[in-house]
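S.K.: Just dropping this structure here.
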Amino acid sequence: MNAPPLTWRVARLVERRAETPTARTLVLDVPGWPGHLPGQHVDVRLTAADGYQAARSYSLAAPADGERIELTVQRVPDGEVSPYLIDVWAPGDPVEVRGPVGGWFVWRAADTAPVLLVAGGSGVVPLMAMARARRAAGSRTPFRLIYSARTPEDVFYADELRRRARDDRGLDVTYVYTRAAPVRWRGEPHRIGPADVNTHGWPADLEPLCYVCGPTGFVETVADLLVGLGHQPRRVRTERFGPTG
Ligand SMILES: Cc1cc2nc3c(=O)[nH]c(=O)nc-3n(C[C@H](O)[C@H](O)[C@H](O)COP(=O)(O)OP(=O)(O)OC[C@H]3O[C@@H](n4cnc5c(N)ncnc54)[C@H](O)[C@@H]3O)c2cc1C
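Numbering (numbering that gives the first Met the number 0), first residue to last: 0 to 244.
Take a look at the structure:
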C-alpha cells in the first residue's frame with residue numbers, strides 16, 4: 000500500500016534556544032503532527048507576501064513528543080531560509096512544515112546492534128535525535144558518536160553531550176576538531192581520517208549500524224572509510240545536508 004501523501008501543516012514557534020553563535024534550536028508546535036522516528040526530517044516552507052515560496056529540509060532533533068517538534072538550524076550566510084528561521088521568525092508567525100520524511104536513515108529502539116554515529120557540523124542533528132531516543136527508550140544498545148566540528152564553540156548540544164557522555168551508560172562521545180581544538184585536547188586539528196574511525200568506532204566484525212550525516216563531501220569520505228575498514232555498505236546509512244533550494 001502506498002503511504003498517504005504528506006500534507007503541509009502550519010507550525011508556530013514556541014521557543015528558540017542558542018546552540019552556538021550561529022545555530023539555534025527551534026521548538027515548534029505542529030497541530031496534527033503524526034509523529035516520527037529519530038533520523039527523519041521535515042520540509043519547511045516560507046511564503047512571502049507576494050506569494051513567493053522557498054522550502055528547505057531540516058532534520059528532527061528530538062524524538063517524537065506529541066505535536067511538538069525540534070529543529071536545529073545553522074545560519075548559512077546569505078541563505079534564503081536559515082537566516083529567517085534564526086533571526087526573524089517570531090512566535091505567532093505561521094510557517095509550513097511537511098513530514099516526517101525519510102524511512103532508511105532512522106534508528107529503531109528494537110535494533111540491538113551497536114551503533115556508530117558520525118557527524119560533520121550540523122549533521123549531528125538527526126544523530127542527536129537517535130541518542131535522545133535511546134535514552135528515552137531506556138535502551139542499553141551501545142552507541143558511539145564521533146563528532147567533527149570546526150572549533151569547540153561550534154559544537155551543538157555541548158552541555159547535554161557532556162552530561163550524556165557521563166550519565167548515559169553505553170554512550171561514548173569523541174570530538175574531532177578541524178580548525179581549533181581545546182587547550183587540553185590531545186592532537187592537532189584535522190579532518191576526520193581512518194585512525195579516528197578505527198579508534199573510536201566499532202570493529203566491522205561486530206556488524207554495527209553506522210549513521211553518517213553532514214555535508215556531502217564529509218559523508219562520502221566517511222562512508223568510504225567505513226567500507227574500507229570492512230563495514231558492509233548496507234550497514235552504512237547516510238544523510239547528506241547538501242543545498243536543497
Ligand atoms: C535531508 C536534509 C536535512 C537537513 N537538515 C538540516 C539541519 O538539521 N540543520 C541545518 O542547519 N541544515 C540542514 N539541512 C540544510 C538545509 O536544508 C539548507 O540547505 C540550509 O539551511 C541552507 O538553506 P538557506 O536557504 O539558508 O541557504 P540557500 O539560500 O539555499 O543557499 C545560500 C548559499 O549557501 C549555500 N548552501 C546551501 N546550503 C548549504 C549548506 N547546507 N551548507 C553550506 N552551504 C550551503 C548555497 O549553495 C548558496 O550558495 C538539511 C538538508 C537536507 C537535504
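Ideal Cβ placement from N, Cα and C applies to all residues, glycine included.
No experiment lies behind these values; they were computed from the predicted model shown.
1. Indicate the three-state DSSP secondary structure (helix, strand or coil) for P20 in the structure shown.
2. When you compare each of W184, A222, G213, R11 to N197 by their alpha carbons, which one comes out closest?
3. Taking just the CA atoms, how far does R74 sit from Y83?
4. Per DSSP, which one or two residues make a beta bridge with T46?
5. Taking CB distances under 8 Å as the criterion, tell me whether V29 reaches chain C.
6. Helix, strand or coil, according to DSSP, for L12 in the structure here?
7. Would the beta-carbon of E238 be found less than 7 Å away from any heavy atom of ligand 1?
8. In the DSSP assignment, find the unbroken alpha helix (DSSP H) run with D158 in it and report its ends.
9. Tell me the rounded alpha-carbon separation between R233 and D195.
10. With distance defined between alpha-carbon atoms, name the residue in P113, P193, A89 nearest to R15.
11. Can you tell which of V43, L205, V72 has its C-alpha closest to the C-alpha of G98?
12. What I want to know is whether the C-beta of E66 ends up closer than 7 Å to one or more non-hydrogen atoms of ligand 1.
13. Nearer than 7 Å: is that true of the beta carbon of L27 relative to any heavy atom of ligand 1?
14. Quick one: what's got a C-beta closer than 6 Å to T215's C-beta in the same chain, skipping five residues either side?
15. Return the residue from the list A164, H230, A54 that minimises the CA-CA distance to M127.
16. Using the rule of at least 16 other Cβ atoms within 10 Å of the residue's Cβ for burial, across every protein chain shown, is Q231 buried or exposed?
17. So F217 is in the alpha helix (DSSP H); what residue range does that whole segment cover?
18. Below 8 Å on the Cβ atoms is my guess for S147 versus A22; work out the distance and round it to an integer in Å.
19. Thinking C-beta only, is V114 closer than 8 Å to L208?
20. Give the range of the beta strand (DSSP E) segment to which V235 is assigned.
21. Applying the criterion that 16 or more other CB atoms from any shown protein chain within 10 Å of the CB defines a buried residue, is G50 buried or exposed?
22. Taking the C-alpha atoms as reference points, what is the distance between T220 and G38?
23. Which two residues bound the contiguous alpha helix (DSSP H) that contains P33?
24. Measuring straight from C-alpha to C-alpha, what distance separates D153 and L170?
25. Just to check, is the beta-carbon of Q73 closer than 7 Å to a non-hydrogen atom of ligand 1?
M.R.: Taking the coordinates as given:
1. Coil at P20, not helix or strand.
2. Selected option, being the one with the closest Cα: A222.
3. If I take the Cα positions, the gap works out to 9 Å.
4. Q52.
5. This model lacks chain C altogether; it includes just one protein chain.
6. Strand, per DSSP.
7. Because some heavy atom of ligand 1 lies under 7 Å away, the Cβ of E238 counts as near it: yes.
8. Element bounds for D158: 157-166.
9. A direct Cα-Cα distance of roughly 21 Å separates R233 from D195.
10. Nearest of P113, P193, A89 to R15, Cα basis: A89.
11. Per the C-alpha coordinates, the member of V43, L205, V72 positioned closest to G98 is V43.
12. Remark: the shortest separation between the CB of E66 and any heavy atom of ligand 1 does not fall under 7 Å.
13. No; taking the cut-off as 7 Å, the Cβ of L27 has no heavy atom of ligand 1 nearer than that.
14. Only R239, G241 meet the Cβ criterion.
15. Minimum Cα-Cα distance from M127 among the listed residues A164, H230, A54 corresponds to A164.
16. Per the 10 Å Cβ criterion, exposed.
17. Element bounds for F217: 215-227.
18. No, S147 and A22 are not in contact; Cβ-Cβ is about 15 Å, not under 8 Å.
19. Against a cut-off of 8 Å, the Cβ pair of V114 and L208 comes out as a contact.
20. According to the DSSP assignment, V235 belongs to the beta strand (DSSP E) that extends over 235-239.
21. Burial is judged here by how many other beta carbons sit within 10 angstroms of a residue's own beta carbon; G50 has fewer than 16 and is exposed.
22. When rounded, the distance between both Cα atoms is 20 Å.
23. Note, P33: premise wrong, no alpha helix (DSSP H); not H, not E.
24. So the two alpha carbons sit approximately 21 Å from each other.
25. Indeed, a heavy atom of ligand 1 lies less than 7 Å from the Cβ.
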